[in-house]
Amino acid sequence: MEGQCALCGLSNQMRICKNPDTGKGPQFCSTLLYPECIEKAAEEYQSEEIHTFAVNSAKNERSCYDCSVETAGLPKPVKCRIEETIDFCKSMDYKRIGLAFCGALHREAAVVAKIFRAHGLETVSVMCKVGGIDKAAIGIQEEEKLHPGRFEAMCNPIAQAEILNQADTDFNVVIGLCVGHDSLFLSHSKKMCTVLAVKDRLLGHNPLAAVYTNHSYYGFLNNGD
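Residue numbers (the numbering used here): 1 to 225.
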C-alpha cells in the first residue's frame, strides 16, 4: 500500500493530518503509512541549515492572511505570490536573487527584475537559451526541430543553474521554464529555489485552467489516451 493523499475523501476536520488527536485516515493515508519518513523529516527541520528556512516559510505563510477576517471559515488572503516571494527573501536576509527564465517570458522577467530591485533586491538573470547551442548538440534531429534545417538554440537549464551557482546568488526564482527543463535547473542549482510562474503555452501560463474546467471543456483529459 502506498500513500494516496489526493484520493482522501475526508473533510479537513476529520483528517488525522489536520487533527492528530481525533482525526483518522483511510488505509492509504500517508500519515499512517510512513511514520519513519515523518520522524526523519522532523529531525531534518532541526538541522542548522534547514531550521531557519522552515521557520521563516511558516511565518511567511501566516503573513499571507488577515486572520481577523474569515470567509467560509478561511482567513482572507492579502498577498499575491510575488509579494510573498519578496517578503520571504527579506525574512531570510537574501540580497542576490537569481532569475532563471524562459525566453518566451522575457518581458515578464524584466518586470519581475524591476519589481525585485524596487524592493531592495539585487537580481542576476539568465535566459534559457544562454550559450546559443544548437539542439543538434544533444542529438535532436532536424525533423524534431520547430524549424528544420535552421539553427535552433536549445534550452540550457544546466547552464542557467551553473551561472547562478557561480554568481553565488542567495536564492533562485524560476519563471516559466519548460517541463523537464525546470527539473534540470532545480536539480543542478546549489541554492534553494522557488517557482514564481510555470509555462503553459496554450493557457496563458495558467495550467490549472485545465483542472478548473475538467468537468466541462477539458473533460476529454479524463479519457486518457
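Built from N, CA and C at the ideal position, the CB exists for glycine as well.
- Here Met1 is exposed, its C-beta having fewer than 16 other C-beta atoms within 10 Å.
- Note on geometry: alpha-carbon atoms of Gly139 and Gly149 lie some 14 Å from one another.
- With a beta-carbon spacing of about 7 Å, Leu164 and Ser189 fall inside the 8 Å limit used to define contacts.
- According to the DSSP assignment, Cys193 belongs to the beta strand (DSSP E) that extends over 193-197.
- Less than 8 Å divides the Cβ of Ile175 from the Cβ of Phe101.
- Residue pairing for Ala100: DSSP places it in a beta bridge opposite Val126, Val174.
- Short of 6 Å from the beta carbon of Leu32, and not among the five residues preceding or following it, lie these beta carbons of its own chain, in chain order: Gly25.
- If the five residues before and after Met14 are omitted, its C-beta is found closer than 8 Å to the C-beta atoms of Gly23, Lys24, all from its own chain and listed in chain order.
- When the Cα atoms are used, Met127 and Glu108 turn out to be separated by approximately 12 Å.
- Exposed is the label assigned to Phe151, since fewer than 16 other Cβ atoms lie within 10 Å of its Cβ.
- Taking C-beta separations shorter than 7 Å and ignoring five residues to either side along the sequence, the partners of Phe185 in its chain run Ala100, Pro157, Gln160, Ala161, Val174, Leu177, following chain order.
- Take Val69, set aside five residues on each side of it, and the residues of its chain with a beta-carbon closer than 8 Å to its own are Pro75, Lys76, in chain order.
- Per DSSP, the continuous alpha helix (DSSP H) segment holding Leu186 begins and ends at 181-188.
- Taking the CA atoms as reference points, Cys80 sits about 22 Å from Ala104.
- The three-state reading of DSSP puts Ala72 in coil, since its state is none of H, G, I, E or B.
- One thing to note: Asp170 has its Cβ no nearer than 8 Å to the Cβ of Ile115.
- DSSP places Asp87 in the uninterrupted alpha helix (DSSP H) bounded by 81-91.
- A distance below 6 Å between beta-carbons, with the five flanking residues on each side excluded, links Lys129 to the following residues of its chain, in chain order: Gly103, Ala153.
- Closest by C-alpha distance to Asp87, out of Glu144, Ala72, His119, is His119.
- The beta carbon of Gly73 sits closer than 6 Å to none of the beta carbons in its chain outside the five residues before and after it.
- In the three-state reduction of the DSSP assignment, Lys24 falls in the strand class.
- With distances taken between CA atoms, Met92 lies nearest to Asn56 out of Ser63, Asp225, Asn56, Cys67.
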